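Residue numbers (our numbering), protein chains in the order written: chain Y, 3 to 353; chain V, 3 to 353. Glycine included, each C-beta is placed from N, C-alpha and C at the ideal position. Source: prediction; values computed, not measured.
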C-alpha cells in the first residue's frame, strides 16, 4: 500500500468510507473488507422511493458528479432526491490498487469487473440504506456501463436508467483504444511493471496517456471551434500540457490500469451466455440511452444499436462538439439538454 | 546508411531513381544528390497536356497508387494520361533516413517539409519531363497536402487539383495525433534515439504505432459493420496483430518519423505569412476537395472549411465507413465515387 495525497478528502470530499465486507470477484479472488467511498446528497424519504444512484467514470470521483451534475434546481436535485454517488472500485477513493491491503497492492490488485462494482453497490444500498429500489441509476462512460449492469442484473430494483456516453457491451474498437491508454503507461520504463515508487516516476507515460485522451476524448469540431481557447488555453499544445496532463499526472497508474481493464470488459451479455439482445431484454427500467453526438469512442451509432434492443427505451442523444469529455461539464448546453432529459425521465411514471 | 529489404523493387517496383541534384531545404541544410523514386504509367502526348502527378501518403509508396488507383478504364487511365507517381522524400524509396548518405542517415536526416517535396517534384517534372503544366495533381492524406502545396506554390502549373482526405493547413488536433504516433515509436527503448540496428529492435513501438492507426485510421462504424471480418480477420485484435502490425513492422522507424514530422507541419499559409485565406486565394486550379465521410483525423468539417476559401472549388466528399484508411482501397464503393469525381474533374475544361 502506497500513499497518494491526490485521493483525499481535501480534493474529493466529503465522502464516507463504507466497509461492505468481503467482496468475491467474478474473475476469482476477493477483496476482504472492501471499502466503497460514498457521497450522499439530500434525504431519503419515508417511502424510500426517491433514491438515485450515480456511479463514477474512468479517473473520475464523486466530486465531479457533485460539482457538475447535482444541485438545487437541477434534474439531480438534493431537495427532491436522495442521491448516492458511489466511487467505483479502483478509482482511488474506494478500495484501489494504491490503497489495497497486504498482498493486493499495486500490480497485485485482483481483476475487478463492472459486475463486481454493481454487486458491491447493491450490497451497500440494501444493507446500509435499506433500499429495495432505485428511482434512477444514471452514469456516464464507465458509469453508463455500471448503469446497464444494474438494469440487467437487478431488473426489479432499477425503475429508471439513464446511460450517458457509454455502452452495455464494450466494442472491440473501444477495447483497442483502452489498450493504447494502458500501453501509454506501461511502456514507460519508470512504470517498472507497476512497482514504481510514485506517480512522478511514470510522468512520461501519464503524459502520453493524457495526449491520447486529448486526441480521442474531445472532437475535431471542438478544437476547430477553438473551444480550448474559450477554456483559457492559447493552443492545443498548452491545453494538453497544462490541462490534460495536469489532470492525470497525480493519479496512480495502477489505479488507472485497473479501471481501464474493467472498462474494456464491460459486457452485460455475460448474463445471457453472450447474447446481448437476451441480456438487454431483461431490463425493466424505463431507459434513456444518451450518447454524445461527437463522441469518438462511445459514438451514437454504437449506443443506438443497443437502444433498439431495450424494450420501451428511448434514444436521447446529447448534441455537443465537446465529444466524450463533454462529461466534464465544459459545455453548458450539453448539461441543459441532459437535465431536460433526466427531468422528463424522472417525471415518467413507472410500474 | 542501413539496409532494409522492404523498400526494394521486389515489393514496390517498378520505379526509377531520378537524381535531381542538391535540394536546399526550407528548414536549413540540403539533400545533396536527392533521389526521387518515380513510377510512370502511360505516355506523354505531343502537346504535353495529359500529365497527371500523384504524390504519396504517409508510409505509402508508388505501388499502392498503381494497384488501387491507376488502370485501364479508371479515372487515372494510362491509355489517356501520362501518370507520374512520385514517392515522397522519407518514404523509403526516395531519399530517406534509412538510405541517406554520409552524415544524414537515420536520426541525422535533415528536416524535410511538404514544400521541399513539391519543389523537388517541380524540378523533376520540368527538367526530366519538360512539363510546363499538369492536367491534374491528385493525392490522398499527405498526398493531399502536397496537392495543395502544388496548387498554391505553382498556380499556373496546376490546371486541376484533387485533394483527398487531407488538408492545406494541418490542424492542431491532427498534429497531436501524429505526436502520439511518433511517441509510440520513440518511447520504445529499442529505438535508441533513432540508432537502432533494425526495425525489429523497435517492434514493440511499431506495434503500438499500428494500434493507434487502427483506433484512428478506420472508423467505429467500420468495425461495428464487421468490415474487418469481411477482410478475413475474425476479431479486431487479429486485424491489429496481423494486418495492421504486419503492415508497419518492416518499415524503418526513422523514415516514419521523418514523414510524420513533415505531415504535422503541412501548411500552405506559410506562403502568405500565416494567412490561410490569402494562400488558398492564390489557387487557380479547378479544385475538388474530397474528404472521406468517416475520417477521424482529416474530417470533412476541417476540409470543407478550407474548400470555402478556394475560388471555384467544389466540395466532393466520399461516403465510406472505412474512414481515412479507405485510401487503402478496401471499399470498392469509395473507389467508384472517387473515379466518378475524378473523371468529371478531368473532363472539366479549364482556362
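* When DSSP builds the beta bridges, which residues end up paired with residue 317 of chain V? -> According to DSSP, residue 317 of chain V bridges with V/291.
* To do: Give the single residue among Y/88, Y/49, Y/230, Y/116 whose Cα lies nearest to the Cα of residue 273 of chain Y.
  => Nearest option by C-alpha distance: Y/116.
* To do: Would you give the residue range spanned by the beta strand (DSSP E) that residue 87 of chain V belongs to?
  => Taken as a continuous stretch (DSSP letters only), the beta strand (DSSP E) holding residue 87 of chain V covers 84-88.
* Identified DSSP bridge partners for residue 166 of chain V -> According to DSSP, residue 166 of chain V bridges with V/142, V/292.
* To do: Pick helix, strand or coil for residue 106 of chain V, following the three-state DSSP scheme.
  => Coil at residue 106 of chain V, not helix or strand.
* To do: Give the residues from the segment 285-309 of chain V that approach chain Y closer than 8 Å (Cβ to any Cβ), ordered along the chain.
  => Cβ contacts with chain Y come from 298, 299, 301, 303, 304, 307.
* Asked: How far does the alpha helix (DSSP H) with residue 18 of chain Y in it reach, from first residue to last?
  -> Unbroken run through residue 18 of chain Y is the beta strand (DSSP E), 18-21; no alpha helix (DSSP H).
* Could you confirm whether any beta carbon from chain Y is found closer than 9 Å to the beta carbon of residue 344 of chain V? => Under the Cβ criterion of 9 Å, residue 344 of chain V is not counted among the residues facing chain Y.
* So who's on the other strand from residue 26 of chain V, going by DSSP bridges? -> For residue 26 of chain V, DSSP records a beta bridge to V/32.
* Asked: Since residue 143 of chain V contacts residue 104 of chain V with CB under 8 Å, what's their CB separation in whole angstroms?
  -> About 32 Å separates the two Cβ atoms, so there is no contact after all.
* Classify residue 161 of chain V as buried or exposed, calling it buried when 16 or more other Cβ atoms lie within 10 Å of its own Cβ. => By the neighbour-count criterion, in which a residue is buried when 16 or more other Cβ atoms sit within 10 angstroms of its Cβ, residue 161 of chain V is buried.
* To do: Determine whether the Cβ of residue 266 of chain V lies closer than 9 Å to any Cβ atom of chain Y.
  => For residue 266 of chain V, the answer is no, since every Cβ of chain Y falls outside 9 Å of its Cβ.
* Span separating the alpha-carbon of residue 277 of chain V from that of residue 271 of chain V -> Cα-Cα distance, rounded: 5 Å.
* For residue 344 of chain V, which option in V/54, V/107, V/13, V/6 has the closest C-alpha, if you only look at C-alpha atoms? -> Residue V/54 is the option with its Cα nearest to residue 344 of chain V.
* Nearest chain Y C-beta to residue 189 of chain V closer than 9 Å, yes or no? -> Taking Cβ atoms only, chain Y reaches closer than 9 Å to residue 189 of chain V, which makes this a yes.
* Is the shortest distance between the beta-carbon of residue 182 of chain V and the beta-carbons of chain Y less than 9 Å? -> Contacts with chain Y at 9 Å (Cβ-Cβ) include residue 182 of chain V.
* On the three-state DSSP scale, how would you describe residue 3 of chain V? -> Because residue 3 of chain V sits at a pLDDT of 47, beneath the cut-off of 50, its placement in the model cannot be relied upon, and the following sentence gives the value as read from the coordinates. The answer is coil: DSSP assigns residue 3 of chain V none of H, G, I, E or B.
* **Separation of residue 150 of chain Y from residue 247 of chain Y, as counted between CA atoms** => Roughly 31 Å separates the two Cα atoms.
* Name, please, each residue of chain V whose Cβ falls closer than 9 Å to the Cβ of residue 193 of chain Y. => Correct list: empty, because the minimum Cβ distance to chain V is about 11 Å.
* **Proximity to residue 328 of chain V [Cα-Cα], best of V/76, V/224, V/259, V/174** => Measuring from the Cα of residue 328 of chain V, the nearest candidate turns out to be V/224.
* To do: Pick out the complete alpha helix (DSSP H) segments inside the segment 249-315 of chain Y, 4 residues or longer, and give them in chain order.
  => The qualifying runs are 255-266, 278-282, 302-309.
* To which residues does DSSP link residue 41 of chain V through a beta bridge? -> According to DSSP, residue 41 of chain V bridges with V/87.
* **C-alpha distance - residue 288 of chain Y paired with residue 294 of chain Y, whole-angstrom precision** => For residue 288 of chain Y and residue 294 of chain Y, the distance between alpha carbons rounds to 20 Å.
* Mind the definition here: the segment 289-308 of chain V touches the segment 317-336 of chain V only if three or more C-beta pairs lie below 8 Å; say whether that holds. => A contact exists between the segment 289-308 of chain V and the segment 317-336 of chain V.
* **Distance between residue 267 of chain Y and residue 206 of chain V (C-alpha atoms, nearest Å)** => Each residue's alpha carbon lies about 24 Å from the other.
* Which residues share a DSSP beta bridge with residue 187 of chain Y? -> Residue 187 of chain Y is not bridged to any residue.
* Asked: On the three-state DSSP scale, how would you describe residue 194 of chain V?
  -> Three-state result, residue 194 of chain V: helix.
* In three-state DSSP terms, what is residue 238 of chain V? -> In the structure shown, residue 238 of chain V sits in a helix (DSSP, three-state: H, G or I).
* To do: Kindly list the residues whose CB is nearer than 6 Å to the CB of residue 33 of chain V, restricted to its own chain and excluding five residues on each side of it in sequence; keep chain order.
  => Excluding sequence positions up to five before and after residue 33 of chain V, its CB lies within less than 6 Å of the CB of 25, 97, all in the same chain and listed in chain order.
* First through last residue of the alpha helix (DSSP H) which encompasses residue 336 of chain V -> Where residue 336 of chain V is concerned, the enclosing alpha helix (DSSP H) stretches over 334-349.
* Asked: With 16 other CB atoms within 10 Å as the buried threshold, where does residue 3 of chain V fall?
  -> With a pLDDT of only 47 at residue 3 of chain V, under 50, the local geometry of the prediction cannot be trusted, and no value is derived from it.
* To do: Could you tell me if the beta carbon of residue 32 of chain Y falls within a distance shorter than 8 Å of some heavy atom in the ligand SAH?
  => Among the components modelled here there is no ligand, and therefore nothing to report on the ligand SAH.
* Asked: Cβ of residue 229 of chain V less than 9 Å from any chain Y Cβ?
  -> For residue 229 of chain V, no CB of chain Y lies under 9 Å from its own CB, so it is not counted at the interface with that chain.
* So what does residue 199 of chain V bridge to, in DSSP terms? -> None, per the DSSP bridge assignment.
* Are the segment 223-238 of chain Y and the segment 69-83 of chain Y touching by the rule of at least three beta carbon pairs closer than 8 Å? -> Output reads no: the segment 69-83 of chain Y does not touch the segment 223-238 of chain Y.
* Whole angstroms is fine: what's the gap from residue 92 of chain V's alpha carbon to residue 338 of chain Y's? => Spanning the two alpha carbons is a distance of roughly 50 Å.
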